[in-house]
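Below you'll find the structure, written out as structure tokens, and then a few comments.
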Amino acid sequence: MAEQPKFDLTGRVALVTGASSGLGAGFAKALAAAGAKVVLAARRGDKLAEQVAAIEAAGGQAVAVSMDVTDEASTKAAYDAAEAAFGTVDTIVANAGVATEKMAMGLSVDEVDFLHAANVRGVFLTATEGAKRLDKDGAREKQHGRIVLIGSITAEKVFPATSVYGATKAAVRHLGKALAREWARRGISVNVIQPGYFESEMTHELFESDVGDAMVKSFPRQRMRPPSDLHAPLLLLCSDAALGITGSVFTIDDGQTL
Numbered sequence: 395m396a397e398q399p400k401f402d403l404t405g406r407v408a409l410v411t412g413a414s415s416g417l418g419a420g421f422a423k424a425l426a427a428a429g430a431k432v433v434l435a436a437r438r439g440d441k442l443a444e445q446v447a448a449i450e451a452a453g454g455q456a457v458a459v460s461m462d463v464t465d466e467a468s469t470k471a472a473y474d475a476a477e478a479a480f481g482t483v484d485t486i487v488a489n490a491g492v493a494t495e496k497m498a499m500g501l502s503v504d505e506v507d508f509l510h511a512a513n514v515r516g517v518f519l520t521a522t523e524g525a526k527r528l529d530k531d532g533a534r535e536k537q538h539g540r541i542v543l544i545g546s547i548t549a550e551k552v553f554p555a556t557s558v559y560g561a562t563k564a565a566v567r568h569l570g571k572a573l574a575r576e577w578a579r580r581g582i583s584v585n586v587i588q589p590g591y592f593e594s595e596m597t598h599e600l601f602e603s604d605v606g607d608a609m610v611k612s613f614p615r616q617r618m619r620p621p622s623d624l625h626a627p628l629l630l631l632c633s634d635a636a637l638g639i640t641g642s643v644f645t646i647d648d649g650q651t652l
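Residue numbering for the sequence shown is 395 to 652, as defined by this note's numbering.
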């Protein structure tokens, strides 16, 4: 296997939402391996403890904090806990989100509202609370603010049963570019990574089905890739090498949207 590029994140404090499993857990481990002190945030405390233990066993530094991204008070409390452990969070990965496999006519209003709350309001609260603290900490002078929003290729291409989910991810795409513009002179870079479909806890059931099998066969390369494909782009955007990158959208999907 070809060796991935290495980016040194020593001295950085990173917060990853939705870090109890799936892509978020992988992001947290990749950031820790690159030298960052990592704050893993999610609602499932038992799962977070497992991920923190794995990072520490590998020689990294990590702490778990309880965080409901849909709730402003919970978001603020999580940042307070992160700062108490490691200092100001300068690297934020807004990864938490929810999905559904229901078609539009099968979605209730409550389900629609929850998708928006988790995938749009949650990303907004995570990014803006972190940006306020970065601004107060002198990000304009330090030029050290890094925020990465995790979107989805469903923002660009229609896939089965993704009507509202895709709409929320399109909002994340626009939000990332808008926040990058607002905070361009504040030393805070904001970028978006749009993953394709990867092997994960969230997609396992789908791709065990006939619908999922047909989707894989429709992809140009007719295969699924591991989530680790996302780690090098993430580390780049969080590093000093990305000083001149903001307002960009990176689609990492093995050509699935072609």
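A virtual CB, placed ideally from N, CA and C, is assigned to each residue, including glycine.
- For secondary structure counted as the alpha helix (DSSP H) over 4 or more consecutive residues, the stretch 425 to 511 holds these complete runs in sequence order: 439 to 451, 466 to 480 and 503 to 510.
- Excluding sequence positions up to five before and after Q455, its CB lies within less than 6 Å of the CB of K431, all in the same chain and listed in chain order.
- According to the DSSP assignment, S583 belongs to the beta strand (DSSP E) that extends over I582 to P589.
- In this structure, the alpha-carbon of K470 lies about 43 Å from that of R615.
- If you check the CB distance, R619 and F592 come in under 7 Å.
- Excluding sequence positions up to five before and after K441, its CB lies within less than 7 Å of the CB of S414 and S415, all in the same chain and listed in chain order.
- Taking a cut-off of 8 Å for Cβ pairs, the stretch 508 to 521 and the stretch 458 to 473 touch, as three or more such pairs fall below it.
- One Cα belongs to T482, the other to R617, and the distance between them is close to 40 Å.
- Taking a contact to require three or more Cβ pairs closer than 8 Å, the stretch 477 to 492 and the stretch 405 to 412 qualify as touching.
- Contact between Q650 and F613 holds: their C-beta atoms lie close to 5 Å from each other, under 8 Å.
- The count of Cβ pairs closer than 8 Å, one atom from the stretch 541 to 557 and one from the stretch 483 to 501, reaches three, so the stretches are in contact.
- Contact check for T548 against V584 fails: the beta carbons are separated by 7 Å or more.
- Residue pairing from DSSP places R540 in a beta bridge opposite T485 and S583.
- Here the stretch 528 to 535 lies against the stretch 571 to 580, with 3 or more beta-carbon pairs under 8 Å apart.
- Beta-bridge partners of L409 (DSSP): V433 and I486.
- When rounded, the separation of the alpha-carbon atoms in G429 and G412 is 20 Å.
- Under the DSSP assignment, F644 falls in the beta strand (DSSP E) whose first and last residues are V643 to I646.
- Per DSSP, the beta-bridge partners of R619 are F592.
- Here P627 carries a helix assignment [DSSP, helix/strand/coil].
- Ranked by Cα distance from S622, the options S603, S460 and L417 are led by L417.
- A Cβ-Cβ distance of about 5 Å is found for the pair C632 and R540, placing them in contact under the 8 Å criterion.
- In the DSSP assignment, D604 falls within the unbroken alpha helix (DSSP H) covering D604 to S612.
- Ranked by how close their Cα comes to the Cα of V514, the residues S502, T562 and E523 have T562 in first place.
- Apart from the 5 residues on each side of it in sequence, S594 sits with its Cβ closer than 8 Å to the Cβ of G416, L417 and P621 in its chain, given in chain order.
- For V558, the secondary structure class from DSSP, reduced to helix, strand or coil, is helix.
- By a beta-carbon distance limit of 8 Å, G590 contacts D647. Their separation comes to about 3 Å.
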